[in-house]
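Q: In terms of my numbering, the sequence shown is numbered consecutively and its last residue is 1644. Here a beta-carbon is modelled for each residue, glycine too, at the ideal position from N, C-alpha and C. Sharing a structure with you now.
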Amino acid sequence: MCCALVVSLVLWLQASKNATEAAKAQQDAEDSQQEAVTALARIEEEKERALSATELAREAERRADSTRILAEQSAGEARLQRIRAIENQTVAEATKLQALALADTALQERNRAQDQQQRAEISERETNRLLTEAQIQVDINQADARATWAFSRVQDYPQQALDSALDAAEVFYQHQSLPLLQRNLLYQTLLIWWQRQHPRYRKSVLGYDVVEIQERANQLLITSANGVGLVRLSPGNADMGRYAPVQGVQGQVGGAHWVTSNQALVWTERGALYRVTPPAYGPLKAEPYPQPVAAPGSFRVMAAHATSLAAFTGQELSLYRYTPDSLQTLGTVPLAVRPETHHVLLQAESGGLRIYVLSRSGELSIWSLPVGTGQAKWEDGFRLDLKGHWPCILAVHPAGRSMALGLDHEISLLDLKSGTVELFSGHKGVITDLAFTQSSRGLQLASTSRDNTVRLWPLYRHSGTLSPYWIEEPLVIKTENHWINTVTFLNNDQLMLIGGTGGLLRWVPTQTRWLTDKLTLLK
């Protein structure tokens, strides 16, 4: 019975459990069914959403198609516009090219017109130039005839000759053309008239030959065959006063030199030195130099420049600085005294002296004496053989670039830098003196000779060297019965003063223009 109860209980419990499990399974089935329903609903929703998305996609595609169609239409319109723009640009370029062609044609036409105008103007100018030159030539020919007539009649008809010469000169100056021949004819005509009207520009030094002239502060120191004298000049007009001989010099005068504006040094052939201080009034007296020199005859002054002296003392050439009371030794030139030593010339240069030594045998050497060295040096081995010409006259350009040598009847112009030598001649007698103008305006060289003439040579610079202008003739000034021994330039090179035999002392204007200006004022 108990077993049956137990079995029954077990079976009941098993049945309850099964019932419970069946209920649970049914509940799970219901839940699964519900989930399936929910899932199906979700699927339907998703299906609806998918259908909506498809509709949206189709709508988007339709819109994209519309947009593409619109874009294609816009692209077509853009292509059309671009084609039209290209067509417009082509038309514009064609128009531009046509305009450029028209402009080029117009420019060519304008250039041709300008060229024709220029040719016409050139032709007109050339015609005017030829007419002007023809008229100028007529004027010059007429002036040439007047100048020739004036030169031929100046002795017989001086006033008419002067008027004719001045008229001719004015034409020449106006046209800046002075024929070479007329340069001398005009000058000679005007000079003759000038000398007739200005006798004060001549002077005689007591009949003694004038050897050398030096000017300082409107005073002329004149060395003649009979001694030394002084002539005062009137400032401004260069009138020459009375010739006053220097008194008190014992022995034959060898030379004289201005050392200050109012003091001169005079030396004799035997070596004695004298100081001369021109007084305002009274006789002109010399006083012995305070410092005694070497033994008589052994001291011989050869050259002087400013306050420097060169003198032979025994067996050498010594250089001195002059002071009012003593001679200060500067140095010596290692040159033995030789009887043929003919000429010594001093020239100051920056830092010392330059010494030119010319012998009678025609040998020229140049030496330099720097300040404080005491002995001169042979300059670059310079030595020139003048082939035995004697006598030889030497002049040096103021700047030391060139020198002129008088060799018998010829003049040699030597450029010291390049070594070039040019010869020019014209004198008929032995050359006695040479002098360069001092100013930079129109460098000229004056030469005097025993043919009674002084010649004024124009010098020009070609390729850095000085040379005479061979085509242009020098001015020639003649004196009657007087050899000319010396020449010097004064009054800013507008006047020359020449001295010669028989006491000749004469002013000579150096410029034709200066003569015409002065004589025009006197008409």
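1) Please tell me whether A1525 and F1610 are closer than 8 Å, where the distance is taken between their beta carbons.
2) Looking at the secondary structure, which residues open and close the alpha helix (DSSP H) in which Q1295 lies?
3) Assuming R1421 and G1392 make a contact with CB atoms under 8 Å, what is their CB distance in whole Å?
4) Mapping the DSSP letters down to three states, classify Y1329 as helix, strand or coil.
5) Confirm, please, whether the CB-CB distance from V1332 to T1607 is below 8 Å.
6) What are the residues that DSSP puts in a beta bridge with W1499?
7) Please name the residue in T1428, T1434, L1636 whose C-alpha comes closest to that of R1442.
8) Consult DSSP for L1537 and reduce its assignment to one of helix, strand or coil.
9) My understanding is that G1373 touches T1398, with C-beta atoms under 8 Å, so please give their C-beta distance in whole angstroms.
10) Does the region 1630-1639 come close enough to the region 1332-1347 to have 3 or more Cβ pairs within less than 8 Å?
11) CA-CA distance, A1171 and T1188?
12) Taking the alpha-carbon of L1528 as reference, which of V1517, R1522, E1245, T1553 has the nearest alpha-carbon?
13) Got a sec, what are the start and stop residues for the beta strand (DSSP E) N1606 sits in?
14) If you count every other CB in all the chains shown that lies within 10 Å of the CB of P1409, and 16 or more means buried, which is it?
15) What does the Cβ neighbour count give for N1573, buried or exposed, with the cut at 16 atoms within 10 Å?
16) Which residues in the same chain have their Cβ closer than 6 Å to the Cβ of T1569, if we skip the five residues on either side of it in sequence?
17) Reducing DSSP to helix, strand and coil, say where S1355 ends up.
18) Are there 16 or more other CB atoms within 10 angstroms of the CB of G1495, so buried, or fewer, so exposed?
19) Considering only the beta carbon of each residue, do L1351 and D1360 sit closer than 8 Å?
20) Assuming A1424 and L1466 make a contact with CB atoms under 8 Å, what is their CB distance in whole Å?
21) Using a 10 Å radius around the Cβ and a threshold of 16 neighbouring Cβ atoms, would you call V1158 buried or exposed?
22) Taking buried to mean at least 16 other C-beta atoms within 10 Å of its own C-beta, is W1488 buried or exposed?
23) DSSP on R1571, reduced to helix/strand/coil?
24) Residues in its own chain within less than 7 Å of N1383 by CB, not counting five upstream and five downstream?
25) Thinking C-beta only, is A1289 closer than 8 Å to A1268?
26) With the cut-off set at 8 Å, would you say G1624 and Y1395 are in Cβ contact?
27) Out of Q1280, S1285, E1247, point me to the one whose CA is closest to Q1263's CA.
28) Distance, Cα to Cα, G1362 vs T1434?
29) Mind checking whether L1566 and L1580 have CB atoms under 8 Å apart?
30) Under three-state DSSP, which class holds D1554?
31) Could you tell me which residues DSSP pairs with I1532 in its beta bridges?
32) Can you give me the Cβ contacts of W1578 inside the same chain, cut-off strictly under 8 Å, excluding the 5 residues immediately before and after it?
33) So P1400 is in the beta strand (DSSP E); what residue range does that whole segment cover?
34) Per DSSP, what are the beta-bridge partners of S1345 in this structure?
35) So what does DSSP say about E1408, is it helix, strand or coil?
A: In short:
1) The answer is no: Cβ separation not under 8 Å.
2) Residues 1279-1295.
3) With 8 Å as the limit, R1421 and G1392 qualify as a contact, their Cβ atoms being about 6 Å apart.
4) DSSP, reduced to helix, strand and coil, places Y1329 outside both helices and strands of the structure shown, so it counts as coil.
5) Their beta carbons are under 8 Å apart, which means T1607 touches V1332 by this criterion.
6) Residue pairing from DSSP places W1499 in a beta bridge opposite W1488.
7) Closest option to R1442, Cα to Cα, is T1428.
8) L1537: coil per DSSP, three-state reduction.
9) A small fix is needed here, since residue 1373 is Gln in this sequence, not Gly. In this structure, Q1373 and T1398 do not form a Cβ contact; the two beta carbons are roughly 22 Å apart against a cut-off of 8 Å.
10) The answer is no - the region 1332-1347 does not touch the region 1630-1639, with fewer than three Cβ pairs under 8 Å.
11) One Cα belongs to A1171, the other to T1188, and the distance between them is close to 24 Å.
12) The shortest Cα separation from L1528 among V1517, R1522, E1245, T1553 belongs to T1553.
13) From DSSP, the beta strand (DSSP E) with N1606 extends over 1605-1611.
14) Sixteen is the threshold: since fewer than 16 other Cβ atoms of the shown chains lie within 10 Å of the Cβ of P1409, the residue is exposed.
15) By the C-beta density criterion, N1573 is buried, having at least 16 other C-beta atoms within 10 angstroms.
16) Excluding residues within five positions, the ones whose Cβ falls inside 6 Å are T1553, D1554, V1575, I1605, V1608.
17) Coil.
18) The residue in question, G1495, is exposed, as its Cβ has fewer than 16 Cβ neighbours within 10 Å.
19) No, the pair does not count as a contact, with Cβ atoms beyond the cut-off.
20) About 6 Å separates the two Cβ atoms, so the contact holds.
21) The residue in question, V1158, is exposed, as its Cβ has fewer than 16 Cβ neighbours within 10 Å.
22) So W1488 ends up on the buried side.
23) In the displayed model, R1571 falls within coil according to three-state DSSP, outside both helix and strand.
24) The residues are A1338, T1398, P1399.
25) Cβ distance < 8 Å, so A1268 and A1289 count as in contact.
26) Against a cut-off of 8 Å, the Cβ pair of Y1395 and G1624 comes out as no contact.
27) Its Cα nearest to that of Q1263, the residue S1285 stands out among Q1280, S1285, E1247.
28) C-alpha separation (whole angstroms): 38 Å.
29) Going by C-beta atoms, L1566 is nearer than 8 Å to L1580.
30) Strand at D1554.
31) Beta-bridge pairing links I1532 to G1527, F1545.
32) If the five residues before and after W1578 are omitted, its C-beta is found closer than 8 Å to the C-beta atoms of I1532, F1545, Q1565, L1566, A1567, S1568, P1589, P1595, all from its own chain and listed in chain order.
33) Taken as a continuous stretch (DSSP letters only), P1400 belongs to no beta strand (DSSP E), as it is neither H nor E.
34) According to DSSP, residue pairing for S1345 in a beta bridge involves V1331, G1348.
35) In this structure, E1408 counts as strand in the three-state DSSP scheme.
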